Structures are given as C-alpha cells and as structure tokens.
Amino acid sequence: MNEKLLLELKEKLEEQKASIEAELGKFAKKDDKLKGDWDTKFPKVNGGIGGQALEDAADQVEEYVNLLPVEHNMELRLQSINSALEEIKKGVYGKCEKCGKNIDEERLKVLPEARECGKCGK
Ligand SMILES: [Zn+2]
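Note that this note's numbering has the sequence shown beginning at 1, numbered continuously upward.
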C-alpha cells in the first residue's frame, strides 16, 4: 500500500476514534482498570421524594438500559479502530485476518478499520 493512502487512512481512523470517544464520553466513563473498556454511567437519581422522583428514576433507568447496546457497539468499533492503528504502527495494516491476503484498497477507503477482505468479510 502506498504511503500516501496509508497516511490518509490513519488520519481517518484517528478522526473516527476521537469522535467515538467524544460520543462515548457523553454517557460513559472510560474504565481505567480495563484498557478499551467503557462503562455507561448509571444515572444519578436526585434524592427527591414522592411520585415524581420515582417516575424520574424509572425514566433514567430506562435510558440506561437503552444506552447499553449503543455503548457496546461503539466500544467494539473503537476496539477495531485501535487495532487498525496498532497494525499501522507495526506495519502490518491492510491484511485480512482470515486469509492473510491484502485487503482491497477500495474497501479500506470505505471502511478503514476492516479486518477482513471482501471475500472473508461481509
Ligand atoms: Zn480474506
């Protein structure tokens, strides 16, 4: 792969990484103990009393439950992006994880974090 394209893809990956981290940061907290893991912040229920407080609490729990799969997806994408960046550093970027062949450059332009070639991947 030529240097110029590699640089372009690296920039793209770094941009995506930053934007996912920013998104995640809105509702999740980076887990310091586990590298690459994020925890959705459990909403703080403001200690009110009465029906309204309970209702608010229920809404927030529902929001939390809805956010979990979103967080998980973002986390997975972030992991692929990080692995791709790691591979660029090591100079082994752009190889298919399954068959070891070079991944099509056109495919990488669309999906720079792709780990599989067009034949092995979806
Ligand atoms: Zn393959």
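Glycine included, each C-beta is placed from N, C-alpha and C at the ideal position.
Quick caveat, the model's predicted, so the values are computed rather than measured.
> Could you give the C-beta distance for E97 and R115, rounded to a whole number, given that I count them as a contact under 8 Å?
Replying inline: Indeed, because the Cβ distance is near 5 Å, the residues count as touching under 8 Å.
> What is the DSSP secondary structure of K119, reduced to helix, strand or coil?
Replying inline: coil
>> Considering only DSSP beta bridges, list what K29 is partnered with.
In response: Paired residues: D39.
>> Can you determine whether any heavy atom of ligand 1 sits closer than 7 Å to the C-beta of E116, and answer yes or no?
In response: yes
> What separation, rounded to the nearest whole angstrom, lies between the Cα atoms of K89 and T40?
Replying inline: 30 Å
> Quick one: what's N102 bridged to in DSSP?
Replying inline: K95
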